[in-house]
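One structure below.
There are 2 protein chains.
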Amino acid sequence: MLFSTKAEYGVRLMVELGRQPGSTPVSLGSVAEAERLPLSYLEHLVAKLRKAGLVTSTRGAHGGYRLAKPAAEITMDAVVEALEGQIAPMECFHDTPEGKVLCSHESDGDRACSTKLLWMRVQGGVNKALAGTTLAELVEFSSHSAPGAAAIGSAA
Amino acid sequence: MLFSTKAEYGVRLMVELGRQPGSTPVSLGSVAEAERLPLSYLEHLVAKLRKAGLVTSTRGAHGGYRLAKPAAEITMDAVVEALEGQIAPMECFHDTPEGKVLCSHESDGDRACSTKLLWMRVQGGVNKALAGTTLAELVEFSSHSAPGAAAIGSAA
DNA sequence: GCATAACCGACCGCTTCGGTAGGATTTATC
DNA sequence: GATAAATCCTACCGAAGCGGTCGGTTATGC
Chain Z
95 MLFSTKAEYG
105 VRLMVELGRQ
115 PGSTPVSLGS
125 VAEAERLPLS
135 YLEHLVAKLR
145 KAGLVTSTRG
155 AHGGYRLAKP
165 AAEITMDAVV
175 EALEGQIAPM
185 ECFHDTPEGK
195 VLCSHESDGD
205 RACSTKLLWM
215 RVQGGVNKAL
225 AGTTLAELVE
235 FSSHSAPGAA
245 AIGSAA
Chain Y
95 MLFSTKAEYG
105 VRLMVELGRQ
115 PGSTPVSLGS
125 VAEAERLPLS
135 YLEHLVAKLR
145 KAGLVTSTRG
155 AHGGYRLAKP
165 AAEITMDAVV
175 EALEGQIAPM
185 ECFHDTPEGK
195 VLCSHESDGD
205 RACSTKLLWM
215 RVQGGVNKAL
225 AGTTLAELVE
235 FSSHSAPGAA
245 AIGSAA
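Just so you know, the protein sequences line up as chains Z and Y, in that order.
Residues 95 to 250 in the working numbering are what the first sequence lists, from first letter to last.
Residues 95 to 250 in the working numbering are what the second sequence lists, from first letter to last.
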């Protein structure tokens with residue numbers, strides 16, 4: 095499995111927030127009930143989303159969570175990364191501060207790592223899919239009862 | 095991390111086999127030494143590759159492993175799947191015998207699963223990268239000492 | 001028959017996953 | 001100001017997978 099249920103639950107949570115008009119905050123309890131997910135577990139996940147600046151919270155009675163930005167401006171690479179940690183195909187891959195990708199098997203020189211070509215392609219494919227999908231799309235998609243497969247290919 | 099070191103080690107093993115002329119089998123011990131990987135662990139991995147029909151073995155003295163097919167005909171989706179199991183972005187995704195993809199959250203009817211669009215795109219991207227990369231490419235790539243990034247995009 | 005190698009299965013320490021539990025803090029409302 | 005509703009925080013727990021080791025069995029060339 096590429097991702098765990100953390101990403102699954104977290105994305106569902108975001109979609110649930112994206113469905114709301116936007117003014118009043120939504121309590122985690124109502125999300126948990128709507129999606130049939132354990133409330134105490136969602137608390138852990140939403141904490142990650144909040145720390146990543148994707149949702150904002152208001153405490154106390156009638157409190158809850160809201161999207162920090164319009165759903166159309168939230169791309170899924172940020173959401174999934176907040177939940178699962180850095181998205182890399184392999185342990186030896188890590189992003190540098192300058193946005194480059196390094197494979198720790200390359201001992202700084204030019205010796206080519208036999209697997210790098212493969213993992214670069216995989217990472218490219220995943221990033222394209224995640225960064226090319228907005229929360230607004232998912233909200234829209236899930237609100238249709240008979241979606242069809244027509245729109246699926248557009249960011250692949 | 096999308097994949098574990100099983101895929102990493104296994105692919106390196108395949109590349110190592112792909113480097114050989116092809117006639118005489120290569121012992122696991124020599125592969126382990128060349129790649130600096132633990133022999134006993136490689137035994138487990140190569141067993142999966144053998145069961146998947148990707149390599150053939152000859153036992154006894156001067157025995158070892160060979161590719162079951164020419165490297166150009168081996169695509170990495172088969173290799174990675176043999177090592178890691180079915181490649182699906184999420185637990186609820188599973189292939190049907192007819193090659194379709196199901197999400198177990200869809201209770202057979204038309205209610206759209208809010209995450210399906212996203213995971214379909216991710217799976218599409220990964221499959222494209224894996225199925226579009228052959229072992230021959232990796233062998234070729236790793237034999238160059240200064241590869242450059244030119245060829246990386248071709249299957250992404 | 002002996003060295004070499006593939007095969008096989010059990011085990012082990014560690015980390016992550018999915019989830020639970022219990023409490024503390026903040027805030028709207030009566 | 002008490003109370004209820006909600007976020008927040010920390011600790012814990014069983015199960016599973018990962019990365020690896022070990023000991024032994026079988027097959028084969030010399």
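Using N, Cα and C, we set each Cβ at its ideal position, and we do this for glycine too.
Remember, it's a predicted structure, so these values are computed and weren't measured experimentally.
Sequence-distant residues of the same chain with beta carbon closer than 6 Å to residue i, five excluded per side
i, result
"A225/Y", "T169 and D171"
"M184/Z", "W213"
"L131/Z", "Y103"
Nearest to residue i (by Cα), restricted to the options the options
i, options, result
"A121/Z", "V140/Z, R215/Z and M184/Z", "First, the amino acid is wrong: residue 121/Z is Ser here, not Ala. Of the candidates V140/Z, R215/Z and M184/Z, the one whose C-alpha sits nearest the C-alpha of S121/Z is V140/Z."
"T118/Z", "G218/Z, A146/Z, Y159/Z and L143/Z", "Y159/Z"
"C207/Y", "K163/Z, S237/Z, R144/Z and A162/Z", "S237/Z"
"A176/Z", "G154/Z, K142/Z, T209/Z and E185/Z", "K142/Z"
"V149/Y", "R130/Y, E110/Y and E185/Y", "E110/Y"
"P115/Y", "S198/Y, L161/Y, K145/Y and K210/Y", "L161/Y"
"E129/Z", "M108/Z, A146/Z and M214/Z", "M108/Z"
"G112/Z", "C197/Z, E167/Z and N221/Z", "E167/Z"
"R215/Z", "K210/Y, M214/Y, R215/Y and N221/Y", "N221/Y"
"G147/Z", "M95/Z, R106/Z and K163/Z", "K163/Z"
Contact under 8 Å by Cβ, residue i with residue j
i, j, result
"A165/Y", "A230/Y", "yes"
"T227/Y", "L212/Z", "yes"
"G219/Y", "V173/Y", "no"
Close-in-space but distant-in-sequence residues of the same chain around residue i (CB under 8 Å, 5 per side omitted)
i, result
"L133/Z", "L122, G123 and A126"
"E178/Y", "F97, S98, K100 and A101"
"R144/Z", "T150, S151 and Y159"
"V233/Y", "V109, G112, R113 and A165"
"Q180/Y", "H188 and D189"
"Y135/Z", "Y103"
"G157/Z", "P119, S121 and S151"
"R106/Y", "E129 and L131"
Contacting residues, own chain, Cβ-Cβ under 7 Å from residue i (five flanking each side not counted)
i, result
"P241/Z", "Note that P241/Z scores a pLDDT of 45, beneath 50, so its modelled location is shaky and nothing firm can be said."
"A182/Y", "H188 and Q217"
"C197/Y", "C186, F187, C207 and K210"
"D204/Z", "Confidence in D204/Z is poor, its pLDDT being 48 and thus under 50, which makes the residue's placement unreliable; the coordinate value appears in the next sentence. Within the same chain, D204/Z has no close Cβ partners at all."
"A155/Y", "none"
"H138/Y", "none"
What are the start and end residues of each continuous alpha helix (DSSP H) run of 4 or more residues lying completely inside the region 130–193 of chain Y, in chain order? Taken in chain order, the complete alpha helix (DSSP H) segments of 4 or more residues contained in the region 130–193 of chain Y are 133–145 and 170–178.
Of all the alpha helix (DSSP H) runs that stay within the bounds of the region 209–234 of chain Y, which reach a length of 4 or more residues? Scanning the region 209–234 of chain Y for uninterrupted alpha helix (DSSP H) segments of 4 residues or longer gives 210–225, listed from N- to C-terminal end.
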